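Peer 1: One structure, pasted below without further comment.
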Amino acid sequence: MMEALSQEQLQLQLRELCGDVFSFSQDNAGMCVAEIPVNQLYQVVSKLYKNDSLGFQFLTDICGIHYPDRKGEELCVAYMLHSLAHKTRLRLKVYVPLSKPELPTLTGIYASANWMERENYDFFGLNFLGHPDLRRILNMDEMVDFPMRKEFPLEDPRREDKADYQFGR
Numbered sequence: 436m437m438e439a440l441s442q443e444q445l446q447l448q449l450r451e452l453c454g455d456v457f458s459f460s461q462d463n464a465g466m467c468v469a470e471i472p473v474n475q476l477y478q479v480v481s482k483l484y485k486n487d488s489l490g491f492q493f494l495t496d497i498c499g500i501h502y503p504d505r506k507g508e509e510l511c512v513a514y515m516l517h518s519l520a521h522k523t524r525l526r527l528k529v530y531v532p533l534s535k536p537e538l539p540t541l542t543g544i545y546a547s548a549n550w551m552e553r554e555n556y557d558f559f560g561l562n563f564l565g566h567p568d569l570r571r572i573l574n575m576d577e578m579v580d581f582p583m584r585k586e587f588p589l590e591d592p593r594r595e596d597k598a599d600y601q602f603g604r
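According to my numbering, the residues represented by the sequence shown are 436 to 604, in order.
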């Protein structure tokens, strides 16, 4: 097994492979975080997957995040990629506007993206273009809200099975 890539080595290899589409930072745990434009997402991830010197062939998670104060970039999608051969992780982030929450599906690269993208559609309303079966996965099909967005109330006033006395109120 190869040695883990340093942050500097990873950033250099990413730039060599894809050019200057990345904006880099580092999280509190030392993981490399790279932001890219949404129109570059599929091409960049495809290269990261196919490239032998990087080998990001494991998609750990897809996480939606709602930033209501970021006008035009209210919804963030963070992809957790893992190169098992190089013991390296990468968080790849893209931003989309709330008015048009669309981005390409990655199911053609990672089969495991299927349910992860459905979950983010279900909870954030993210529309993954080209997804083979984009429908709700946990909430009821009739639900029109996206409960992980910040505008969703913490308590659903429509619930009929909730009695305040059961919660000490």
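Yeah, the Cβ is synthetic: ideal placement off N, Cα and C, and Gly gets one too. In this text the structure is predicted, and so the values were computed from the model without any measurement.
Are there three or more Cβ pairs, one per stretch, closer than 8 Å when the region 512-522 is compared with the region 570-578?
Peer 2: Counting Cβ pairs under 8 Å, fewer than three are found: no touch.
Peer 1: Exposed or buried, VAL579, counting other C-beta atoms within 10 Å across all chains shown (16 or more means buried)?
Peer 2: By one-based count along the sequence shown, residue 579 stands at place 144. Classification for VAL579: exposed.
Peer 1: Do MET583 and PHE559 have their beta-carbon atoms positioned less than 8 Å apart in this structure?
Peer 2: Counting from one through the sequence shown, the residue named residue 559 turns up at place 124. Counting from one through the sequence shown, the residue named residue 583 turns up at place 148. Against a cut-off of 8 Å, the Cβ pair of MET583 and PHE559 comes out as a contact.
Peer 1: Measuring CA to CA, which of LEU483, HIS521, LEU525 and LEU533 is closest to ARG505?
Peer 2: For this step, residue 505 is matched to residue 70 along the sequence shown. The candidate whose alpha carbon is nearest that of ARG505 is LEU533.
Peer 1: Can you tell me whether LEU483 sits near the ligand COA, meaning its C-beta is under 7 Å from at least one heavy atom of the ligand?
Peer 2: This structure lacks the ligand COA; in fact it carries no ligand of any kind.
Peer 1: Taking the runs of the beta strand (DSSP E) that are 3 residues or longer, which of them lie wholly in the region 466-521?
Peer 2: Whole beta strand (DSSP E) segments, 3+ residues: 467-470, 493-501 and 510-518.
Peer 1: Beta-carbon separation of LYS482 and CYS453 under 8 Å?
Peer 2: One-based indexing of the sequence shown puts residue 482 at position 47. One-based indexing of the sequence shown puts residue 453 at position 18. Yes, these two residues count as a Cβ contact at 8 Å.
Peer 1: Please look up how many angstroms separate the CB atoms of ARG526 and ASP462, rounded, as I've assumed it's under 8 Å.
Peer 2: Residue numbering aside, residue 526 sits at position 91 when the sequence shown is read from its first letter. Residue numbering aside, residue 462 sits at position 27 when the sequence shown is read from its first letter. Confirmed, Cβ separation roughly 7 Å.
Peer 1: Looking at C-alpha atoms only, which residue of LEU538, PHE581 and SER518 is the closest neighbour of ALA439?
Peer 2: Counting from 1 along the sequence shown, the entry for residue 439 is found at position 4. Cα-wise, what sits closest to ALA439 is SER518.
Peer 1: Who pairs with GLN461 in a beta bridge, going by DSSP?
Peer 2: Within the sequence shown, numbered from 1, the residue matching residue 461 stands at position 26. DSSP output for GLN461 lists CYS467 as bridge partner(s).
Peer 1: Just how far apart, CA to CA, sit VAL468 and TYR556?
Peer 2: Working through the sequence shown from its first residue, we reach residue 468 at position 33. Working through the sequence shown from its first residue, we reach residue 556 at position 121. Their backbone Cα atoms lie some 23 Å apart in a straight line.
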